[in-house]
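Have a look at the structure below, then the notes.
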Amino acid sequence: MTLSFITSSLAGGMLLLGLLMVSRMRLRSLVGLFQIQSLLLASIAAALAYTLVEAHFAVLAILILGVKAIFIPHLLLRVASREVVAERLAAYARPTLLTFLAVGVTLFAFTAVRSIPIPAGAYFATAVSFALVLLGLLLLVSRKDMWGQGIGFLVMENGIFTFGLSLTHGMPLLIELGVLFDLLTLFILMVALVRRAQAEHASVETDYLRELTD
Amino acid sequence: MPSVLLIVSGLAALAPLAARSMRTLGATMALGATAIFALALWVAVPPLLGAPAAAEGLWYVDALAALMVALIGFVQWTAILSSVSYLKTEVEEGVIEFSQARRYASLAGLFILSMLATVVADNLGLMWVALEATTLATTLLVAFYAHKGSLEAAWKYLILCSTGISLGLLGLLITYYAALSGAGVEGFSAISWSALFAVAPSLSPTLMHIAFAFVLIGYGTKAGFVPMHNWLPDAHSRAPAPISGLLSGVLLNAALFSILRYKQLVDASSGGGDWTNGLLLVFGVLSCVIPVGFILLQSDYKRFLAYSSIEHMGLIAFSIGLGAWGALAGLIHLVGHSLAKSMLFFGAGEILLRFRSTKFERVRGAIRAMPYTGSLFLVGLLALLATPPSPLFTSEYLLVARGVGGHPYLTAVVLAALAVIFAGFIRLMMPLLFSPQDTEGGNVETGERFGLTQAAMLLHVLLMLAFGFALWSGYAYPVLERAAILIS
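In order, the protein sequence lines correspond to chains A and B. Our numbering applies: residue 4 is where the first sequence begins, and numbers increase by one. Our numbering applies: residue 116 is where the second sequence begins, and numbers increase by one.
Given below as structure tokens:
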């Protein structure tokens, strides 16, 4: 059970969840899958903490757990239930097509990683992180509502964190803290804007946000 | 030294929250902005005059960073002064509440703090955090008014820019990995720009190229390059006018600065600037050409100015991509554009307050209704359109001189785009300034006092004239070359 094996397994789990998320049309299932994905990410950090015996990864694992796996999903669901958001989210294409695109995007990520000069042991985790970034982008562009777009962004961030943890074993803690703090603030801003959208349009569909075009 | 600057900026961001009346708020804002300007000059002048780059801990101020600091310091000073009178008018007319004005001041202060932190940061991670912080601080400013389009603009801005900056984070991580694997540096040194630059030749060129691609697309979103520019017209037109001036004038530069820092690393690792220059040329030409149609068909003058910003960032990128003294042209253009565009936005704010509309068709005869603002606005427009002695004339002249030799077809395309945009400016802006007001909509009051905003605009004009003459007489070149040599 080497570190590389653990990291790859956890990353594989994250990828699987990411592929599932693309076709989920209910807010609760999206958030639930995101929660588990963030939990796996925190586990990668925990595995690093255990194997490399460095406190900084333990701190990171706890922060990822607290912020991405607990606080953000909790706040998302609370705001959603309070604002009486429609449970069914909308997308620009049917779930089947989206899953097909997701698989295509993942294959692309896996082939693209071959041209990057990295050690062979890190191929899988790096490919997964690129795939997650692309899956997050796919979510972002395919969703018609602000929740879905926001979660797409968060999945992208998960992918980037996976890349950071698996390949470079994290950055100096101070910077990781800054990144997480920015993420948190961004999320709070997102929620603020979503609530305003709900108040103004009684809906969070971005079809209403199409006036400023030329 | 930069730490003092940043601490004072932080205080200037918090102080407005304690204000209890518009007068104290205005005084606090003005005091804070003046202090920041003074400290910015104190930080920026020595490296520009030849002192070696100051590297202390988290900060690194070389000639390029010093130029940015000086520019941010000046534009934030005039922008805050303009904001004081802008907010005062809006609160008096009941458009916004006092608490909102206070929030504006504090958010603007945070915005300025994060911009300054971006350009003086040695640590690339800190630079990332600061750049993302600028997005976060300005989102609420973009959504400041309860207008119909503000929410849309703020959402697009938040999501698009944050997505872009996340891709920049990926680029940063790849750079970090390149440092770990290629040069064997660890921890903080692996994301310290000065440390990386010292070991740059040992970084893998392939990895650095991939990192730069991510950084260019990511931070380029923030800098307004086409095709990632969709957020810019909305955000810059919906924000309050002085903030738009800051957004167009200095924030785009800060994002470009971050790209240039990576360019320096990549060029040092590959042994030449050809690859990065090629990419900058492509994005530059795209950003010059695509806005042309949008500018000609605009009906909203703030949106018009925003598209013009995209155009000019494209010109700057194109100039830098030309290499050698194209970088000098790019820096001159950067400074000139910041000065001209921000004062145009201040003027647009005044026009908006008077005419109560951002549409071209509703604004006529601005120069008669508002003589000071109108004439200063006209001077600003001429400066932006590169009329001598505007610095933009020198930069575009140098651009053509350099471009015709290396990339004649691309330069021809860029020139054609510039010509069409010139026509668009004249066609749309001249009626705004000079057409007689029709009697129906003629209940706009005429005459104005020379207030803070007009003073701010005048300062910009004077500085542009001074810069223009410094270029003509040759005094400016030694100073600028210290910065340009770093990115050519």
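Ideal Cβ placement from N, Cα and C applies to all residues, glycine included. Just so we're clear, the structure is a prediction, and the values are computed from it rather than from any experiment.
Cβ neighbour criterion (16 or more within 10 Å) applied to residue i
| i | result |
| --- | --- |
| Leu380/B | buried |
| Thr278/B | buried |
| Pro120/A | exposed |
| Met428/B | buried |
| Val400/B | buried |
| Phe372/B | buried |
| Thr143/B | buried |
| His575/B | buried |
| Thr171/A | buried |
| Val182/A | buried |
| Thr99/A | exposed |
| Glu511/B | buried |
| Thr290/B | buried |
| Gln4/A | The residue you asked about is not Gln; residue 4/A is Met in the sequence shown. Exposed is the call here. |
| Val519/B | exposed |
| Phe537/B | exposed |
| Leu459/B | buried |
| Leu577/B | exposed |
| Leu496/B | buried |
Inter-residue spacing [alpha-carbon to alpha-carbon] between residue i and residue j
| i | j | result |
| --- | --- | --- |
| Val123/B | Gln552/B | 47 Å |
| Pro503/B | Val158/B | 31 Å |
| Ala326/B | Glu465/B | 43 Å |
| Gly240/B | Ala298/B | 18 Å |
| Leu143/A | Ile163/A | 15 Å |
| Gly151/A | Val194/A | 12 Å |
| Val206/B | Pro355/B | 13 Å |
| His522/B | Leu366/B | 29 Å |
| Pro117/B | Leu173/B | 9 Å |
| Gly489/B | Phe565/B | 12 Å |
| Val61/B | His448/B | Residue 61/B is absent from the structure shown; chain B starts at 116 and stops at 603. |
| Glu301/B | Ile178/A | 14 Å |
| Gly386/B | Ser26/A | 46 Å |
| Ser169/A | Arg471/B | 55 Å |
| Cys276/B | Gly139/A | 15 Å |
| Ala128/B | Phe508/B | 36 Å |
| Gly159/A | Val330/B | Note that residue 159/A corresponds to Met in the displayed sequence, not to Gly. Going from the Cα of Met159/A to the Cα of Val330/B covers about 16 Å. |
| Phe103/A | Ser206/A | 29 Å |
| Thr627/B | Val119/B | With chain B covering 116 to 603 only, the question about residue 627/B has no answer from this structure. |
| Gly209/B | Leu499/B | 34 Å |
| Val494/B | Tyr95/A | 48 Å |
| Arg117/A | Leu430/B | 36 Å |
| Leu215/A | Ala168/B | 44 Å |
| Ser7/A | Gly173/A | 15 Å |
| Asp210/A | Gly124/A | 45 Å |
| Tyr272/B | Lys337/B | 9 Å |
Nearest-angstrom Cβ-Cβ length linking residue i and residue j, presumed shorter than 8 Å
| i | j | result |
| --- | --- | --- |
| Val90/B | Met183/B | Limits of chain B in this structure are 116 at one end and 603 at the other, which puts residue 90/B out of reach. |
| Ser384/B | Ala444/B | Ser384/B to Ala444/B, Cβ: 25 Å. No contact. |
| Trp280/B | Gly333/B | Note on identity: in this sequence residue 280/B is Ile, with Trp being the wrong assignment. Correct: roughly 6 Å between the Cβ atoms. |
| His452/B | Trp390/B | With 8 Å as the limit, His452/B and Trp390/B do not qualify as a contact, their Cβ atoms being about 26 Å apart. |
| Ala439/B | Arg517/B | 7 Å |
| Ser229/B | Ala248/B | 4 Å |
Residue i in three-state terms, based on DSSP
| i | result |
| --- | --- |
| Tyr211/A | helix |
| Ala94/A | strand |
| Glu563/B | coil |
| Ala236/B | strand |
| Val341/B | coil |
| Tyr175/B | strand |
| Ser307/B | strand |
| Lys147/A | coil |
| Ala170/B | strand |
| Arg218/B | helix |
| Arg135/B | coil |
| Asp415/B | strand |
| Tyr27/A | Note that residue 27/A corresponds to Arg in the displayed sequence, not to Tyr. Three-state DSSP puts Arg27/A in coil, outside helix and strand. |
Cβ-heavy atom distance, residue i to the ligand ADP, below 8 Å
| i | result |
| --- | --- |
| Glu247/B | What this structure holds is no ligand at all, so the ligand ADP is not there to describe. |
Contact the region 137 to 148 of chain B vs the region 194 to 204 of chain A: 3+ CB pairs below 8 Å: no
Taking three-plus beta-carbon pairs below 8 Å as touching, is the region 222 to 230 of chain B in contact with the region 160 to 177 of chain A? no
Would you call the region 467 to 487 of chain B and the region 411 to 418 of chain B touching, i.e. three or more CB-CB distances under 8 Å? yes
Count the C-beta pairs between the region 401 to 410 of chain B and the region 535 to 548 of chain B that are closer than 8 Å, then say yes if the count reaches three, no if not. yes
Between the region 480 to 488 of chain B and the region 524 to 534 of chain B, can you find at least three pairs of beta-carbon atoms closer than 8 Å? Result no; under three Cβ-Cβ pairs closer than 8 Å.
Count Cβ pairs between the region 49 to 62 of chain A and the region 73 to 87 of chain A that sit closer than 8 Å; are there 3 or more? no
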